[in-house]
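This report concerns only the one structure given below.
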């Protein structure tokens with residue numbers, strides 16, 4: 001079986017680490033940081049984008065500045081596990097803006113959701129009027145984030 005992963009050398013790894021710190025870095029910035037010419041850095045970046053290693057760029061927003069004062073992780077257990085039930089629940093995940101990410105899990109919970117809400121009342125509504133009201137959901141367990149001592153970190157490249 002052939003490995004379909006993109007080969008990453010040490011210069012690519014350094015470029016990816018730099019881009020995870022600053023997605024707006026120019027080819028000039030990257031070349032200077034990596035001891036490459038700007039054109040070499042730009043070509044490497046483009047190759048990593050085209051191969052799918054770099055999936056895109058996003059602005060990192062401050063949830064509190066946007067009035068999203070409550071972050072929570074919500075575990076959801078489904079009552080039934082058929083393809084149709086999973087598809088129905090996945091549709092719900094996609095249309096709810098307060099659910100910013102979701103994972104399928106092993107163990108007791110079927111899904112782990114990361115949610116941002118303006119306040120506890122909004123979180124309560126999401127849990128009781130949306131999640132528990134969904135016909136396929138049997139149980140919900142939430143944990144409110146008190147603090148985040150380590151911010152979402154870059155992926156380990158090496």
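In full-length UniProt numbering, the protein residues as written are 1 to 158. Virtual Cβ for every residue (Gly too), placed ideally from N, Cα, C.
Can you check the region 49–134 for any beta strand (DSSP E) of at least 3 residues that lies completely inside it and give the ranges in chain order?
Those beta strand (DSSP E) runs which fall completely within the region 49–134 and span 3+ residues are 70–78, 99–104, 111–117.
Between which residues of its own chain and residue 154 is the CB-CB distance below 6 angstroms, once the five residues before and five after are set aside?
Around residue 154: 20.
Counterpart residues of residue 144 in DSSP-defined beta bridges
Paired residues: 72.
So what's residue 39 in DSSP terms, helix, strand or just coil?
Three-state result, residue 39: helix.
Report the rounded CA-to-CA distance for residue 71 versus residue 88, giving the unit in angstroms.
So the two alpha carbons sit approximately 24 angstroms from each other.
Beta-bridge partners of residue 139, as assigned by DSSP:
In the DSSP output, where bridge partners are listed per residue, residue 139 has 77.
Nearest-angstrom beta carbon gap, residue 74 and residue 113 [assumed within contact, 8 angstroms]
Confirmed, Cβ separation roughly 4 angstroms.
Look at the alpha carbon of residue 127 and the alpha carbon of residue 150, and state the distance between them as a whole number of angstroms.
Going by the C-alpha atoms only, they are around 26 angstroms apart.
Residue burial classification, residue 31 (beta-carbon count within 10 angstroms, cutoff 16)
Classified as buried, residue 31 has 16 or more neighbouring CB atoms from the shown chains inside 10 Å of its CB.
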